Each structure stands twice: as structure tokens, then as C-alpha cells.
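*Asks:* Mind looking over this structure? Questions follow.
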Amino acid sequence: MKAKKLVGVVLAVFMILSVLVTGCRSKSTSNSSSGGKTTVKEAVFPRVGGWPKPPLFQGNVFSSAGIGTAYAFMAEGLYQYVRSTDKIYPRLAEGMPENKGNETIVHIRKDAKWNDGQPFTSKDVWAFYTLNNGAFITKYLTSIETPDDYTVVFKWADPQLNETIKTLLVGQDLQATIPYHIYKQFVDKADEILKSLPTTDDLTKRGPFTKLIDDKTNAELNKNWQNFITYKIDKPILTGPYIVDKVTASDMILKKNPYYYNKYKIHYDIVHLYQTDSTGALAMLQNGRVAQSEDNFTRDEIESMLSKNKDLVFYPMKDPAAFGFAFNLQKTPFNDVNVRRAIVYALDRKKIRDVVNWTGILTDYSALGMPQNMDNWINPDIKDKLTKYNFDPEKAAQLLEKSGWKKGSDGIWRDKNGKQYEFTIAAPSGWSQLILADQIASDQLKKFGLPTKLLTIDGTIYWQNAGWPKCMYDMSSDWMDVTWGFMIPYWAFHNFYEGGPSSFGNFPRITNQQSKDYGKINMILPGPDGQLIDIRKTIDSMLYMNEEQMKDTASKLAWITNENAFAVDYFLNTAFTTVNMKYIDKNTLPMADRIDKYNRNMPVPTDPKDAEAVANINFGFDSGIYDIATGNWRPPVGK
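Pasting the structure below:
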């Protein structure tokens, strides 16, 4: 018996590893008319991924380990949301959401099924939000109704969000991840708890579906959630185009879902995922063994790869994110706005960009509170008033002198009391691009006369030490201007003033531990017209504004953020996608008619349609596999 098992394991491993690197493998099938066999080529889509190694791998996608990269090929929502473009495309839905007063109505495909053959219905959408009641959207709903199996009605609470935000919130979640027929016991328990609760009109106390949740009830909901995420099933039950076939520590094989509604549009029969380290991933891309990668490269690395492998195409794209550092506002001398501004002027950010990410977009603001590629939300009259912090050592010197600083004969600046400083810029170890940028910035400040050193901290303790309430460092680096959600100002400003930047920057906060608002920012500052603005209350109100009101508010907040120089963006980041034409037909790629013109080293797209197309192929931005799922991507003819 042991010998048979060993032979079986060896054969299984051999079969997995023998998936053709050319992108196809042979499969023998019976010919019904002659009784003979014909050879059919199976198209394979290979890429690097990650997942819990067996025996830890199991099917509950909400477990602590999840299912790794397979999630993108298997999980779906009503829509496909694409980060950076805010585009949503129907997946399980028929058509776009219909906003009618306090309702958003979505019609579900009647041919959609879970991969165990059970129909996907409106009850499953209801189940997703009932059990996963911490989803952002639930705080703004009174209920989710299911008038029939294929209609979902999202009922909005008052005051209502604007219609653009309603549509995006419905479009962003992957609702087909909690099949009711599998997790019924946990869904029904959550529903029972929620139904027992009173509602509240107090926006500061609202929980999911306007419910008022006390500590006891919250504990009950959390216990039920923990019971759910520790519940094991053998393989993921989802609705997407692929299902798990085989899993080992190094390889995962996915095959077509026989119940997928668009299965005849899918051109790749097999998805072969490889689990390896960063060195192995780079080698596989260089050697043409994977179809797609989002890894970061230096300019020399990408140019070398393109010269050696003529099938590779490199696509950079604007990322709504910029890394840099936040000043510790409660620490001398960073409590002086002139010092903060001087440091920004003393940085040659073009040199930093050129070394760290040559495709990055230069910025002349300090930080806006939102990424630079969202500056369309700033009114022209305010944009004209924004200070431009171009590299200007003379301007930096003037600002220091304005605060009483003097430069000694040794070239070192000292404050009005004659004190000399040695600043630190702290960064988490392992983040190579950020560390390189911080090192260059440190050297530039030292050359200017402000001794500064880079301090790299182990990632296991960096975030705790850098953030509030410890705030141990002078300048702490991370993503500064970024939106992890939509290209709508609320999400960016909420991150800046309620997330990492404000925590690292030690922004003023409510320190009364008895207050319900303990730890929240407490910043009331003059806007461009001199009127005082309560930052936190203003941001919280943005979701309920119309577009014109939101633009006016975003303009004021951006002005406050930039003029006070709370933080520094090095440059607007760009994300990379590298694809291999050995596996993907050239004609299905973005800007296909210009690939030869640019010798496969594509520019950052400036045309909105090109930008959308590139975002759609970035694995990290389309939250899935849009071009595979829709049948747009296919193997080259004859392969």
C-alpha cells in the first residue's frame, strides 16, 4: 500500500510539473464516430502566486489563511470594480445598478451557479451582507431585500449618499463568496442577532443596517464570525470561471468551472500557479515561463528583460498612491511650519524619482491629502493658489532664517537657540523602493546642512513604533497620499487624516480617554479664505455631498494640507504589469497598435481609454481576471 501511494504521489507531481511551458498541453479524447483518439491542445495560463501549503489549504475563503491567488480566478461579485479608474463591469449582474430614490436595484443573471451546481440567487447576496455585516456599505443601508430569486434591492438610509458613491459601493464587493447553502447556520445566526436590535438615527452610533449595537451584541456577532471563519470545507465553493483541481506546496492547478455561465468564452483551459520566492519569480518571467507579472523592476532590469525575451511587453500605469514621509508635528522643530516647508524645498525629488522609479510622475506639491492624479477635484482658483515646492535650496534657507535659524561656518544649520539637530527618517525594513528614496532624501538634507540619517526598523515593530501614540521618529515613511478605495476625495482624505499619515505625523488628537472620540484627530485650521474648518467633521460629511460640494470641500482640504506641509510625497507612483505574448495574443493587449513602435517598453498611458485598458490587465487593480473572464484574452493563434 505504501509503495502504491508513493508511486501515485510521484506521478501526480510529475504531471503537475509537466504542464507545457509553451502555454498548451496535450489531452487525449475519444472520437465518438470512429472510436479512435484525437489530440486536443489545452491552453494554459501560467503565473506566480501564493496560497497556504497543504494540509493548511482548505475552501473557506474567509479563513485566516484564505485561498491565496486562486481567489482572483474563482471569486466574483455582482460587478468587477477596477481601482484607479472607478470602472465597474457586470459579472453576476445583468446590466448596471439602477438608482431609484432610496433604492438601488440589481438584476442577477439567471444562468449563474456555484461551482457545486447550486444556483446563485439574491438570497446569496443577502447572506453575504448579513454575515459579513462589517462591510463598509452596510452602515448606509436599512436593509437588503430579495423580492425574487434574481432581484436584489439595496435600501439606503437617510441621509443618503450621492448616486455615484451608491453605485461604486454596490460594485466593489465580491458578494459571491458566502454561499448560503453552505454557511446557512452562521448567516441565520447573524440575521437573528441583527433582527433583535433597535435602530438609531444617530450617525455616530449606527452599526450595520442602522442598528444600535452594544458591547454584548457586538461580542455575539464577533463570536459567530469567528465560528464561521474557522469552519472548514474541502474546496472553495464560488461562482468564477475556474475551480481548484490540484494543490501542492509549489503548484496549484485550476481548471474550468463546468457550471460557469461564460465557460464557452474562456480561452484558457488550465491556470497553472507557481509558488516561489522573488528571485524565482523574476527568473520565471525572464525565461518566459509565466504569462503575467506585477513585480517592480529597476529601469536596467526591465530593459535587460525586454532585450533578452522578445515576447515580453512592459506596461506602467498611474497608481493613485505616493510614498514619502510624515513630519512628527508634536516634536520640535517640526511643529514649525517654516521648518517643514524648508525641508520640502531642500529635496530634489526629481533625482529621487529618477533613481527609484523612472516612470513615476513628478509632483511639485508637498502633499495634498489625496493623490496628485485626483487633482481634478481641486477647483482652478484654488489650484492656482497652491504653493509649488520645486527644488529650491535658496527658498529653503530663507524659510529657516525666517524662523531664526542660522547656518554656521561648518555648513550646519542651527535653530534660534543655537541648537544643532540630527534628524532621522524611519522606514520599515524590506521595502526596498521606499528605503532607497529615504536614503537619497537623507543625503540631500545632509548636504543642505540638516544632518539626517536613515533608520530602518524591522517591519514587525515599525508600524507600532512609528504610529500614534508612540510616534518615536522625526519623520516616518509610508504611503502618504493614497486612496485604497475609490477616486473620490473622501477615501483619500479619510486615509490621510484618519489613517497612517496622521498617525505617523502625530497629528493633534482628542486625548481625553473618557471621550467617545478619544484618539480621533482634533484639527481646526483656516482654509484658503481664512474661515476655520474642522477637518474630521468635514471629512465625515463628504459622503453625503453632491459632486459640486465635494469638489469645493476637497479644494479647501487640499490647500490646507499642502500649505501646512504635513507630509512629503516623493512622486506619484506607477504600477507595473509585464505580459508575455507567448501566452496572450498581441492583438488583445492594450495599445496593441503601438507595441512595436515602443519596442514593447510602453509609456505611462495618458489617454483615458488606454489607461482603462492597462488598469484592466493589472492583477492588483482589477481585483480579478477581467480580460480572461470575459474572453478578451486568448492564446496566440496556433499556440
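In my numbering, the protein residues as written are 22 to 660. For every residue, glycine included, the Cβ atom is placed at its ideal position computed from N, Cα and C. On a predicted model such as this, the values are computed, not experimentally measured, just so you know.
Pop quiz: TYR204 and PHE249 are said to be a contact at Cβ under 8 Å. What is the actual Cβ separation, rounded to whole angstroms?
*Replies:* Position 183 of the sequence shown, counting from 1, holds the residue named residue 204. Position 228 of the sequence shown, counting from 1, holds the residue named residue 249. The pair is a contact, with the Cβ atoms about 6 Å apart (cut-off 8 Å).
*Asks:* Check whether the Cβ atoms of LYS409 and PRO549 lie closer than 7 Å to each other.
*Replies:* Walking along the sequence shown from the start, residue 409 turns up at place 388. Walking along the sequence shown from the start, residue 549 turns up at place 528. No.
*Asks:* Should the segment 361-372 be regarded as contacting the segment 462-479, the criterion being three or more beta carbon pairs within less than 8 Å?
*Replies:* yes
*Asks:* Can you look up ALA650 in the DSSP assignment and give me helix, strand or coil?
*Replies:* For the purposes of this step, residue 650 is taken as residue 629 along the sequence shown, with counting starting at 1. Looking at ALA650 - three-state DSSP - the assignment turns out to be helix.
*Asks:* Please list the segments of the beta strand (DSSP E) lying wholly inside the segment 249-304, counting only runs of 3 or more residues, in order along the chain.
*Replies:* 263-268, 272-277, 291-295
*Asks:* Classify TYR511 as buried or exposed, calling it buried when 16 or more other Cβ atoms lie within 10 Å of its own Cβ.
*Replies:* For the purposes of this step, residue 511 is identified with residue 490 of the sequence shown, where counting begins at 1. It counts as buried.
*Asks:* Measuring straight from C-alpha to C-alpha, what distance separates THR300 and TRP72?
*Replies:* Against the sequence shown, residue 300 aligns to sequence position 279. Against the sequence shown, residue 72 aligns to sequence position 51. The C-alpha of TRP72 is placed about 18 Å away from the C-alpha of THR300.
*Asks:* Could you check which residue in LYS62, ALA634, ASP617, LYS630 has the C-alpha nearest to that of LEU327?
*Replies:* Walking along the sequence shown from the start, residue 327 turns up at place 306. The residue with the shortest Cα to Cα distance from LEU327 is ASP617.
*Asks:* From what residue to what residue does the alpha helix (DSSP H) around TRP484 run?
*Replies:* Here residue 484 corresponds to residue number 463 of the sequence shown, with the count starting at 1. Secondary structure note for TRP484: its alpha helix (DSSP H) is the uninterrupted segment 480-487.
*Asks:* Please report the distance separating the alpha-carbon of ILE88 from that of ASP479.
*Replies:* Sequence index remark: in the sequence shown, residue 88 carries index 67 (1-based). Sequence index remark: in the sequence shown, residue 479 carries index 458 (1-based). About 27 Å.
*Asks:* Have a look at LEU218 and PRO200 and give me their C-alpha separation to the nearest angstrom.
*Replies:* Here residue 218 refers to the residue found at position 197 when the sequence shown is read from its first residue. Here residue 200 refers to the residue found at position 179 when the sequence shown is read from its first residue. Taking the straight line joining both Cα atoms gives about 25 Å.
*Asks:* Could you tell me which whole alpha helix (DSSP H) segments of length 4 or greater appear in the segment 178-244?
*Replies:* 184-193, 201-216
*Asks:* Among THR163, ALA178, ASP495, which one has its Cα closest to the Cα of LYS21?
*Replies:* Residue 21 cannot be examined here, being either before or after the span of the chain that is shown, 22 to 660.
*Asks:* Enumerated in chain order, which unbroken segments of the alpha helix (DSSP H) with a length of 4 residues or greater are wholly contained in the segment 342-416?
*Replies:* With a minimum length of 4 residues, the continuous alpha helix (DSSP H) runs that stay inside the segment 342-416 are 358-367, 370-377, 401-404.
*Asks:* How is the beta strand (DSSP E) around LEU162 delimited, first residue to last?
*Replies:* Counting from one through the sequence shown, the residue named residue 162 turns up at place 141. Counting along the chain, the beta strand (DSSP E) containing LEU162 begins and ends at 162-169.
*Asks:* Identify every residue that forms a DSSP beta bridge with LYS474.
*Replies:* One-based indexing of the sequence shown puts residue 474 at position 453. Paired residues: THR445.
*Asks:* DSSP state of VAL34, grouped into three classes?
*Replies:* Position 13 of the sequence shown, counted from the first residue, corresponds to residue 34. Confidence at VAL34 is low in this model, with a pLDDT of 34, below 50, so its placement is unreliable and the value that follows should be read with caution. Residue state, collapsed to three classes: helix.
*Asks:* So, using beta-carbon positions, are VAL377 and LEU476 closer together than 7 Å?
*Replies:* On the sequence shown, position 356 is the one that residue 377 refers to. On the sequence shown, position 455 is the one that residue 476 refers to. It is not a contact, given that the beta carbons lie outside the stated cut-off.
*Asks:* In this structure, how does DSSP classify ASN527 when only helix, strand and coil are distinguished?
*Replies:* Counted from its first residue, the sequence shown places residue 527 at position 506. It is coil, neither helix nor strand.
*Asks:* So, for ALA632: in the same chain, excluding its five sequence neighbours on each side, which residues have a beta-carbon less than 6 Å away from its beta-carbon?
*Replies:* As a working note, residue 632 is residue 611 in the sequence shown. Only PRO626 meet the Cβ criterion.
*Asks:* In chain order, what residues of the same chain have a beta carbon less than 8 Å from the beta carbon of ARG621, not counting five sequence neighbours either side?
*Replies:* Position 600 of the sequence shown, counted from the first residue, corresponds to residue 621. So the qualifying residues of the chain are LEU327, LYS331, LEU333, VAL334, PHE335.
*Asks:* Starting from the Cα of LYS121, find the closest Cα among ASN183, TYR442, ALA417 and give me that residue.
*Replies:* Here residue 121 is taken as the residue at index 100 of the sequence shown, counted from 1. Nearest of ASN183, TYR442, ALA417 to LYS121, Cα basis: ASN183.
*Asks:* What is the C-beta distance between LYS267 and ILE291, in whole angstroms, given that I count them as a contact (C-beta under 8 Å)?
*Replies:* Numbered from its first residue, the sequence shown carries residue 267 at position 246. Numbered from its first residue, the sequence shown carries residue 291 at position 270. With 8 Å as the limit, LYS267 and ILE291 do not qualify as a contact, their Cβ atoms being about 10 Å apart.
*Asks:* Closer than 6 Å by C-beta to TYR647: which residues in its own chain qualify, once you throw out the five before and the five after it? Chain order, please.
*Replies:* Along the sequence shown, one-based indexing puts residue 647 at 626. Around TYR647: GLN101, ASN637.
*Asks:* Could you tell me the alpha carbon to alpha carbon distance between GLY116 and LEU189, rounded to whole angstroms?
*Replies:* What you label residue 116 is simply residue 95 of the sequence shown in a count that begins at 1. What you label residue 189 is simply residue 168 of the sequence shown in a count that begins at 1. Here the alpha carbons of LEU189 and GLY116 stand approximately 14 Å from one another.
*Asks:* If you draw a straight line from the C-alpha of ILE254 to the C-alpha of GLN79, how long is it?
*Replies:* Taking the sequence shown and counting its residues from 1, the one referred to as residue 254 is at position 233. Taking the sequence shown and counting its residues from 1, the one referred to as residue 79 is at position 58. Taking the straight line joining both Cα atoms gives about 6 Å.
*Asks:* Between which two residues does the alpha helix (DSSP H) containing MET338 stretch?
*Replies:* Reading the sequence shown from its first residue, position 317 is the one you call residue 338. Residue range 333-339 is occupied by the beta strand (DSSP E) that includes MET338, with no alpha helix (DSSP H) assigned at that position.
*Asks:* Which same chain residues, not among the five before or five after GLU324, have their C-beta less than 8 Å away from its C-beta?
*Replies:* Within the sequence shown, residue 324 is the residue found at index 303, counting from 1. Within the same chain, GLU324 has close Cβ partners ASN622.
*Asks:* Select from ASN516, ASN583, TYR280, THR198 the residue whose C-alpha is nearest the C-alpha of LYS144.
*Replies:* The sequence position of residue 144 within the sequence shown is 123, counting from 1. Taking only the C-alpha atoms, the option nearest LYS144 is THR198.
*Asks:* Exposed or buried, ASP604, counting other C-beta atoms within 10 Å across all chains shown (16 or more means buried)?
*Replies:* Taking the first residue of the sequence shown as position 1, residue 604 is located at position 583. First, the amino acid is wrong: residue 604 is Tyr here, not Asp. Counting Cβ neighbours within 10 Å, TYR604 comes out buried, since at least 16 surround it.
*Asks:* For VAL127, which beta-bridge partners are listed by DSSP?
*Replies:* Within the sequence shown, the letter at position 106 stands for residue 127. By DSSP's assignment, VAL127 forms a beta bridge with VAL173.
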